[in-house]
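Each remark here refers to the structure printed beneath this line.
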Amino acid sequence: MGAPIVPISMGSERSESSVPLRVVTAAAIFDGHDVAIGIFRRILQSQGCEVIHLGHDRGADEVARAAIQEDAHAVAITSYQGGAVEMFTHTREILDDSGFGHVFLFGGGGGTILPNEIEHLNEKNIARIYSPDDGRNLGLVGMVQDAMERASNADLLDSSRFDSLANPITADDHGSVSKLLTLAENGDESSFSSALQRVRSRPEGEVCPVVGLTGTGGAGKSSLTDEIMLRIQRDNPGMKIALLATDPTRKRTGGALLGDRIRMNSLSDENLFMRSFASRESGREIADCVDRAVQVCQAVGFDMVFVETSGIGQGDDAITEVADVSMYVTTREYGAPSQLEKLEMLDAADLIVLNKFDRRGSEEALSEIRKQFKRNRELWDEDDSALPVIPTIASQFADAGVDMLWERLSDILREKLGADFSATPSRVGKDGLPHRSNPIPSERQGYLAEVASSVRSYHQRTDEAVSRVRLVQQLEASAEQMRSSGKGAAADDLAEEAVTVRSEVPEEAWQALEDFDRRAAAYRSGEASYTVRGKEIPVETIRTTLSGLDLPRVALPDTEDWGDRLGWIRRENAPGLFPYTGGVFPFKRADELPVRMFAGEGSAERTNKRYHFLSKDQPFNRLSVAFDSPSLYGHDPVKRLDIFGKVCESGVSISTVDEMEKLFEGFDLCAP
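The sequence shown: position 582 = 592 (our numbering), numbered continuously.
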């Protein structure tokens, strides 16, 4: 697999940088294989890295944008669907053009990245690709440590990096803003203050509201923030927004998972900027540098700054120290109503958000929160709909609750700070709550559990019926044996018990056993028939093999035990009968062979030729298509390098209806 990589010794002297290693991790565009990158993400964390995880299907522009905004030391990419050379090359080009050529690219794809591709990327200093041989020689942790050593050669606090901060900068210059935030996070007060004054492009005193979001872990803060930002973009196009998010640092390893970015679907807009921070030594839900970071965003001209905390406890309210307007996000799972009395943020927050409102019990929770809010603020006569307690479903597309939240937030910003933001009026129902359109009603959200319970109950009834039927057969056989032996009294007792047990078995069980005998006789007769759409179809039930043996087309269990028969009927049964484990038709078609004509490579015309070759002289066509990644993900094949590298890889490229017609030209797709 190419020349083996010689690892840098972990004992060698590392760059003396006070900045913890920051690594962006992602799976390549049109690639859903995220298990490998998940493993390496966890190893990086365990080695003390701050990991900004993007997940799967991430293009070069998205990965590079994250690396720039996060001012990362390195980027790790896994690629298992082809196009690795183009993906890494395009990512490197974007980083170099943006002045972030120091970012170390590394990754792998098992055996899917060819040795010559690995050699090309390594020799051109585009990226360090780890092959299967490297994995065997170094191990997973060894590869990660090797990559960390190489990435640590970049010193993010090197004074030469801040040469671009000599003049005023704007919110459009994400690279310079990112460097300044690195200085805010890691630099001394003197250096930061001096740089901040040099780059300031907005006069001090101009309004730039800071909105804080806090809440318990898993309440959906990031998803909610993303939805709010989408609505701000919709109602205020061109507005420049910064998002500063904090996630906790693990005390044992010093590593951190900065995972909020994976929830942000709105970040493709160039007017949005996001920076993730680890809490490090702060010991709180916000990093110590957040106040400085807010100053940076205000100085360079952002129109609004969002600050999101990590998950908080009952007595935490640090967000109020940095935010002009604060939101507390919670869900139904806060415990008993008395727990609400302990929440500091119910006193401090300007807005209370009950997210995941589609969950069972959320309406009762909303009522409890509103009651507690009234007690805390002594708003005894306030109407519930006027309270700043908003139910939302951030995971739902175009949720009316989030619309209402943004509308209320814009009103508060206008009243409190004089900031003028447009907000589309929300849809409100007769009950004063946001209009809801849940595809699954809250009382039926456990329908899958009901299905599972129904299946378990079915099998339980089957087991009971099987044991009863078997007992009846045994009692009747015993009675007959006793009677033949001249023990009439015992035979009568057994027969009476058999009648009693028989009455406990559902009638459909006995009917199923009678049908089994009737069906077995029909299969043995050599001829049978079944009806489809009112048409009776005769079938030969026995085939003679080349050896002259009569082979039944359907073989029933060869057992005389009534219990075994009933168990088989209820769990498997013959083809065409419930529970249809053998198919919905009583017999398989005899005029079609199970040949799969599978193709998919290059253009539609090339694949069509392959289909005609596979189906030549065949009395039937069973076509199966392999599409390339852009086609599967619904993306047009464009010349952008990372996408271009996936076109026609591992399948046929189809982007128009005309190409689909060319793909199947000469075939009747409606043929029976």
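Yeah, the Cβ is synthetic: ideal placement off N, Cα and C, and Gly gets one too.
The model shown is predicted, which means the values in this text are computed figures rather than measured ones.
Note that the C-beta distance between Phe-312 and Ile-251 is below 8 angstroms. Between Ala-176 and Ser-204, the alpha-carbon positions lie close to 10 angstroms from each other. Where Leu-282 is concerned, the enclosing beta strand (DSSP E) starts and stops at 282-288. Bridge partners of His-43 according to DSSP: none are assigned. Ranked by Cα distance from Arg-563, the options Glu-537, Gly-573, Leu-556 and Glu-570 are led by Glu-537.
Residues Ala-164 of the same chain have their beta carbon placed closer than 7 angstroms to that of His-112, with the five preceding and five following residues left out of the count. Beta-bridge analysis with DSSP links Val-542 to Lys-545. Around the C-beta of Tyr-338, 16 or more other C-beta atoms lie within 10 Å, and the residue is accordingly described as buried. Residue pairing by DSSP puts Ser-336 in a beta bridge opposite Gly-222.
In this structure, the CA atom of Ile-139 is about 19 angstroms from the CA atom of Asp-106.
Per DSSP, the beta bridge partners of Leu-561 are Arg-553.
Rounded to the nearest whole angstrom, the CA to CA distance from Phe-674 to Ser-377 is 59 angstroms. Residue state for Phe-595 is assigned as coil, using DSSP reduced to three classes.
As computed with DSSP, Leu-267 is found in a beta bridge with Val-61.
When the five nearest sequence neighbours on each side are left out, the beta carbons in the same chain lying within less than 7 angstroms of the beta carbon of Arg-171 are those of Lys-189, in order along the chain.
Around Asp-652, the same chain offers Ile-39, Gly-69, Ala-70, Glu-96, Met-97 and His-100 as residues with beta carbons nearer than 6 angstroms, after the five sequence neighbours per side are excluded. With fewer than 16 other CB atoms across the displayed protein chains lying within 10 angstroms of its CB, Thr-591 is exposed. Taken through DSSP and simplified to helix, strand or coil, Ser-170 comes out as helix. For Gly-215, the closest alpha carbon among the candidates Val-209, Gln-308 and His-63 is that of Gln-308. In this model, Glu-671 and Arg-599 are separated by some 29 angstroms (Cα to Cα). Between the C-alpha atoms of Pro-213 and Val-304 there is a straight-line separation of about 15 angstroms. Assignment of Asp-668 by DSSP, reduced to helix, strand and coil, places it in the helix class. Asp-502 and Met-492 have their C-alpha atoms spaced approximately 9 angstroms apart. A distance below 6 angstroms between beta-carbons, with the five flanking residues on each side excluded, links Arg-244 to no residue of its chain. Under the DSSP assignment, Asp-574 falls in the alpha helix (DSSP H) whose first and last residues are 572-581. Between Ala-229 and Asn-365 a beta carbon distance of about 6 angstroms is seen, short of the 8 angstroms cut, so the two are scored as contacting. The alpha-carbon separation between Ile-104 and Ala-74 amounts to approximately 6 angstroms. Contact between Pro-596 and Tyr-540 is confirmed by a C-beta separation of about 5 angstroms, below the 8 angstroms threshold.
Runs of the beta strand (DSSP E) lying entirely within the segment 72-151 and spanning at least 3 residues, in chain order: 84-88 and 114-118. No Cβ-Cβ contact shorter than 8 angstroms links Glu-354 with Thr-319. In the displayed model, Ser-625 falls within a helix according to three-state DSSP. In the DSSP assignment, Met-314 falls outside any alpha helix (DSSP H) and lies within the beta strand (DSSP E) extending over 314-321.
The Cβ-Cβ distance between Ala-508 and Leu-485 falls below 8 angstroms. Considering only Val-151, Gln-79, Gly-149 and Glu-611, the residue with the shortest C-alpha distance to Asp-183 is Gln-79. In the three-state DSSP reduction, His-645 falls in the coil class, being neither helix nor strand.
Annotation: Leu-240 is outside any beta strand (DSSP E); the continuous alpha helix (DSSP H) that includes it extends over 231-245.
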